[in-house]
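Residue numbers (the numbering used here): 284 to 959.
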Ligand code: IVH
């Protein structure tokens, strides 16, 4: 093995470990920036040597080109469900029922796990490699969502993650629950709101939608994670015989496993533990609708049998629902980074699951109008963990007549300039680039971890800098002087030095991060990465007309227009000039895979029907190897439709749009490779 190949192996292993620390243990040991650098280096080697790319390479998580539909997968064993138990009495009755069937139950131990409100997935490993993943489906047959699952970083692509100390079965199938944490859901919705797009209603549906995407590159942008709780099947190797030990075993193989699981020697202790969670369940970082109580001994469990789709050996102890009623005192409006106005409910303080709630989100002004929410109304409020509580609906029967319909503001509450509504969007915007509320959010975004990653610059300091007039745009950060900082409350030598050092280091961040930091509407991580691959610097991006931007895959007319508009604003032009002068002007290497001497450079293909020799994925790989792009649906941007037998609606569409239709032979001759 040569040195470069050796380096690739080391990078894969290091990235795998960092991935595990970050996404499974929740305890990263390097910064995001360092991680990005390692991944970048790996991708560069892989671009040079595509033949070295392995299925479990950390680079293979960005999503694959879209597919037409999900294939069916038969589960190796039925994927069962659970019967419910509501409260202690119900739980005792369950134990009594199964004790009558088998006296060993009176001596049994119980393992308890949070019941995550997510989506069941079934993961298949062969010789330690993740080879397939499926949805639950009807419990017998699920859908193949392997490409989507590969994008979830908490899923190990190879087990054991850490060492070879644990032997693993040759064919190993596990089950877990995919979900979005409260914190990630909030960030996701904030991003949506700032992009002027509809916010998601709840984490579960959002996770469900993401898992069922035909385009896994979209799944890759959603913050999905999972916890594993069951071994479904194991062939060619031993696994422990109790649930508790299996959880331990799964954890040691590198799977994410809940750390809130416990084992008890008898049922009363078990009940007091699970009922205790009714009060504290909001401490869990994800939505849980109960706790699962399982007989720990799996031989006993199996012998107890199944009723319908529910094993007798386990129950879901359900938490009582957590919706309360309180009064809506007022509606405040907050101004976000991109000027989006968001309504926030001011509530009569109310306790939900041990937490006092005074504020709740109202999503957007359309939501208030649709639900006819009035100030003074009694409203139904739901709270789920760390998520900001939200209003479900008004209780119209409780109206006294004194409630006031809500009229959205016509002026920005921060700068009192008129607000605007963009065609086709739900959001209202303050378009004043100098609005102080926006400026603070803008700087907060610019310095955030995903953007320029300036350590030590929290929201409080940003507010101080803006309020003291030291910073009027993000470029002013680079001309801050030590004496400016020392004059601020709470600043001493060391703090000032650290902050200035952090700011100065950020000047070397790569172009994609600077683009994210600019805060252009709709331009997040993936669009910024695409832009940095196409343009060498911000001057090149600024000079690009909207139609050229739209030609980039993944950039639609709205984002393209937002980019062009952003560069047109005099405020932004001035700020860019200052950034340039301050030396914050990264350049990127324009994508080399695109510039490679492939015959299909810049061409976009769609493949449909059954081809005579190659499988669908072989054709796709071939086109990509020649520098071409393969997309899932025919549009005006498609150059060729490669059609085989039974082509279906794509052929009709291609003909209607005048897209050239070719067969396998022609495709091969286009690239000058003779078809044998
Ligand atoms: S055990 C025989 N354990 O809850 C195994 N299920 O209402 C049956 N769920 O379909 C499932 N967390 O999607 C089990 N720790 C956990 C769970 C869990 C969430 C879900 C699962 C199941 C549903 C049953």
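For each residue, glycine too, the CB sits at the ideal point set by N, CA and C. Because the structure is a prediction, the values reported are computed rather than measured.
Delimiting residues of the alpha helix (DSSP H) encompassing residue i
i: residue 810; result: 808-817
i: residue 295; result: 286-302
i: residue 610; result: Segment 606-618 is the beta strand (DSSP E) holding residue 610; no alpha helix (DSSP H) there.
i: residue 870; result: Here residue 870 belongs to no alpha helix (DSSP H), and DSSP marks it neither H nor E.
i: residue 532; result: 526-536
i: residue 793; result: Neither: residue 793 is in no alpha helix (DSSP H) and is coded neither H nor E.
i: residue 488; result: 486-494
i: residue 774; result: No alpha helix (DSSP H) holds residue 774; DSSP gives it neither H nor E.
i: residue 390; result: That residue, residue 390, is in no alpha helix (DSSP H); it is neither H nor E in DSSP.
i: residue 471; result: 465-477
i: residue 861; result: 853-864
i: residue 823; result: 821-825
i: residue 833; result: 829-833
i: residue 499; result: 499-502
i: residue 557; result: 550-563
i: residue 309; result: Per DSSP, residue 309 belongs to no alpha helix (DSSP H) and is neither H nor E.
i: residue 768; result: 765-769
Rounded distance between the beta-carbons of residue j and residue i, thought under 8 Å
i: residue 348; j: residue 903; result: 6 Å
i: residue 821; j: residue 859; result: 6 Å
i: residue 538; j: residue 511; result: 4 Å
i: residue 674; j: residue 645; result: 6 Å
i: residue 965; j: residue 600; result: The chain is shown only over 284 to 959; residue 965 falls outside these bounds and no answer can be derived.
i: residue 616; j: residue 635; result: Not quite, the Cβ-Cβ distance comes to about 24 Å (not below 8 Å), so this is no contact.
i: residue 737; j: residue 730; result: 4 Å
i: residue 747; j: residue 718; result: In fact, because the Cβ distance is near 18 Å, the residues do not count as touching under 8 Å.
i: residue 482; j: residue 472; result: 4 Å
i: residue 799; j: residue 805; result: About 12 Å separates the two Cβ atoms, so there is no contact after all.
i: residue 427; j: residue 356; result: 5 Å
i: residue 567; j: residue 543; result: 7 Å
Buried/exposed call for residue i, threshold 16 Cβ in 10 Å
i: residue 926; result: buried
i: residue 958; result: Residue placement at residue 958 cannot be trusted, given a pLDDT of 40 that sits under 50; the coordinates are not used to answer.
i: residue 672; result: buried
i: residue 877; result: Residue placement at residue 877 is flagged as unreliable, the pLDDT there being 43, under the threshold of 50; the coordinate-derived value follows with that caveat. Under this definition residue 877 is an exposed residue.
i: residue 585; result: exposed
i: residue 338; result: exposed
i: residue 735; result: buried
i: residue 439; result: buried
i: residue 897; result: buried
i: residue 768; result: buried
i: residue 756; result: buried
i: residue 547; result: buried
i: residue 449; result: exposed
i: residue 815; result: buried
i: residue 879; result: Residue placement at residue 879 is poorly supported in this model, since its pLDDT is 46, which falls under 50; the coordinates still yield a value, given next. When all chains shown are included, residue 879 counts as exposed.
i: residue 643; result: buried
i: residue 327; result: exposed
i: residue 639; result: exposed
Enclosing beta strand (DSSP E) for residue i [first to last residue]
i: residue 703; result: 702-704
i: residue 516; result: 508-518
i: residue 403; result: 402-409
i: residue 578; result: 571-578
i: residue 458; result: 454-462
i: residue 356; result: 355-357
8 Å Cβ cutoff, residue i in contact with chain B
i: residue 504; result: In summary, chain B is missing from the structure at hand, where a single protein chain is found.
Those residues which DSSP pairs with residue i across a bridge
i: residue 545; result: 395
i: residue 427; result: 417
i: residue 333; result: Note: residue 333 sits in no beta bridge, so no partner.
i: residue 367; result: 599
i: residue 633; result: 640
i: residue 625; result: 617
i: residue 589; result: 594
i: residue 441; result: 412
- Task: Ignoring anything shorter than 4 residues or poking outside the region 873-952, list the alpha helix (DSSP H) runs there in chain order.
- Result: 875-878, 899-908, 932-940
- Item | Continuous beta strand (DSSP E) assignments of at least 3 residues falling wholly in the region 637-679 | 638-644, 661-665, 673-677
- Continuous alpha helix (DSSP H) assignments of at least 4 residues falling wholly in the region 674-747: 719-729
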